[in-house]
Amino acid sequence: EAGVAQSPRYKIIEKRQSVAFWCNPISGHATLYWYQQILGQGPKLLIQFQNNGVVDDSQLPKDRFSAERLKGVDSTLKIQPAKLEDSAVYLCASSPVGQGVYGYTFGSGTRLTVV
Amino acid sequence: QQQVKQSPQSLIVQKGGIPIINCAYENTAFDYFPWYQQFPGKGPALLIAIRPDVSEKKEGRFTISFNKSAKQFSLHIMDSQPGDSATYFCAAIYNFNKFYFGSGTKLNVKP
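Those protein sequence lines, which keep their order, are chains A and B.
For the first sequence, the working numbering assigns the number 1 to the initial residue and increments by one for each residue that follows.
For the second sequence, the working numbering assigns the number 1001 to the initial residue and increments by one for each residue that follows.
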């Protein structure tokens, strides 16, 4: 079974620029999550999709972050404009409905550096 | 508000030692408590998970001890190896799919 694919692996941008990350979940996983992991901290949920609908985006800074999941498969997360404090690893995870922790799989993440 | 508090921040043990990582939580509505292992450049990978009605669970060299009354749980790694050197995260799950992670423990197992 292929894992959760993310790209790019690394991105360096200047503050106030925009950036986008892409995630392809495991085939058949209806639920997709984006997390932000700041260096030295645990992952923090930004947004959760079920199919192509948003379930929880309460911690997404909506003035600069946006995410979409068209057709209920791939997803993109965008930051515009980026700030220095957005430097982090952005992790995507997916899970099938109803399997809880055992079906939950993380990708390797995109490391963003804002300079 | 940090839902899950993890300690220590870092840990160094000799090969064969038993590192212990601790986590504490407040919300009694959490319904699952997993531990994740993360290597540099990789996403977290599930190690072991426990339900709140179980006091201990073992999988290979990894053991979770759970104290419901104290609202604490811990990870023990038996006979630790240099390959276990990684960052470990505890988590608490609400409503079966909302995860709250601890801040992580960087473990270094010396040969």
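Ideal Cβ placement from N, Cα and C applies to all residues, glycine included.
What you are looking at is a predicted structure, and each value in this text was computed from that prediction instead of being measured.
Roughly how many whole angstroms lie between the Cα atoms of G1060 (chain B) and F1089 (chain B)? Looking up residue 1060 (chain B) in the second sequence gives position 60. Looking up residue 1089 (chain B) in the second sequence gives position 89. C-alpha separation (whole angstroms): 18 Å.
Are the CB atoms of F49 (chain A) and T110 (chain A) nearer to each other than 8 Å? Within the first sequence, the letter at position 49 stands for residue 49 (chain A). Within the first sequence, the letter at position 110 stands for residue 110 (chain A). Result no, Cβ atoms of F49 (chain A) and T110 (chain A) do not sit closer than 8 Å.
Using C-beta distances below 7 Å, list every residue in its chain close to Q1081 (chain B), excluding the 5 sequence neighbours before and after it, in chain order. Position 81 of the second sequence, counted from the first residue, corresponds to residue 1081 (chain B). Answer for Q1081 (chain B): K1015, V1109, listed in chain order.
Neighbour list for F1099 (chain B) in chain A, Cβ cutoff strictly below 7 Å: Indexing the second sequence from 1 puts residue 1099 (chain B) at position 99. Residues of chain A whose Cβ lies closer than 7 Å to the Cβ of F1099 (chain B) are, in chain order, L45.
Roughly how far, in whole angstroms, is the beta-carbon of K1005 (chain B) from the beta-carbon of A1024 (chain B), given that I think they are within contact range, below 8 Å? As a first step, residue 1005 (chain B) must be located in the second sequence, where it is residue number 5. As a first step, residue 1024 (chain B) must be located in the second sequence, where it is residue number 24. Confirmed, Cβ separation roughly 5 Å.
Relative to the C-alpha of A82 (chain A), which candidate in A:W34, A:L112, A:T31 has its C-alpha closest? Indexing the first sequence from 1 puts residue 82 (chain A) at position 82. Comparing Cα-Cα distances from A82 (chain A) to each of A:W34, A:L112, A:T31, the minimum goes to A:L112.
Find the residues of chain B that neighbour T31 (chain A), judging by a C-beta separation of less than 9 Å, and give them in chain order. On the first sequence, residue 31 (chain A) is found 31 positions in, with the first residue counted as 1. What T31 (chain A) touches in chain B: N1097.
Need the endpoints of the beta strand (DSSP E) that H1076 (chain B) sits in, please. Here residue 1076 (chain B) refers to the residue found at position 76 when the second sequence is read from its first residue. Annotation: the continuous beta strand (DSSP E) that includes H1076 (chain B) extends over 1072 to 1077.
On the DSSP bridge assignment, give the partners of Q1003 (chain B) in chain order. Residue mapping note: residue 1003 (chain B) aligns to position 3 of the second sequence, counting from 1. None, per the DSSP bridge assignment.
G1043 (chain B), DSSP secondary structure in three states: Here residue 1043 (chain B) is taken as the residue at index 43 of the second sequence, counted from 1. If DSSP states are grouped into helix, strand and coil, G1043 (chain B) belongs with coil.
Applying a beta-carbon distance threshold of less than 8 Å, which residues of chain B neighbour G107 (chain A)? As a position in the first sequence, residue 107 (chain A) is number 107, starting the count at 1. Under the 8 Å cutoff, chain B gives G1043.
The beta strand (DSSP E) spanning R111 (chain A) covers which residue range? Stepping through the first sequence from its first residue, residue 111 (chain A) is reached at position 111. Here the beta strand (DSSP E) through R111 (chain A) covers 110 to 114.
Neighbouring residues, chain A, relative to S1007 (chain B) (Cβ below 9 Å): Numbered from 1 along the second sequence, position 7 holds the residue referred to as residue 1007 (chain B). Residues of chain A with a Cβ closer than 9 Å to the Cβ of S1007 (chain B) do not exist; the shortest Cβ-Cβ separation is about 13 Å.
Do you know how far the Cα of P8 (chain A) is from the Cα of Q1037 (chain B)? Position 37 of the second sequence, counted from the first residue, corresponds to residue 1037 (chain B). Position 8 of the first sequence, counted from the first residue, corresponds to residue 8 (chain A). The alpha-carbon atoms of Q1037 (chain B) and P8 (chain A) are separated by roughly 22 Å.
Is the beta carbon of P96 (chain A) closer than 8 Å to that of G107 (chain A)? Position 107 of the first sequence, counted from the first residue, corresponds to residue 107 (chain A). Position 96 of the first sequence, counted from the first residue, corresponds to residue 96 (chain A). For the 8 Å CB-CB criterion, G107 (chain A) and P96 (chain A) do not form a contact.
Closer than 9 Å at the beta carbon, the chain A residues around Y1032 (chain B): The residue given as residue 1032 (chain B) occupies position 32 in the second sequence. Near Y1032 (chain B) (Cβ distances below 9 Å), the residues of chain A are G100, V101.
Would you say Q41 (chain A) faces chain B, with C-beta separation under 8 Å as the test? Residue mapping note: residue 41 (chain A) aligns to position 41 of the first sequence, counting from 1. Closer than 8 Å to some Cβ of chain B, the Cβ of Q41 (chain A) qualifies, so yes.
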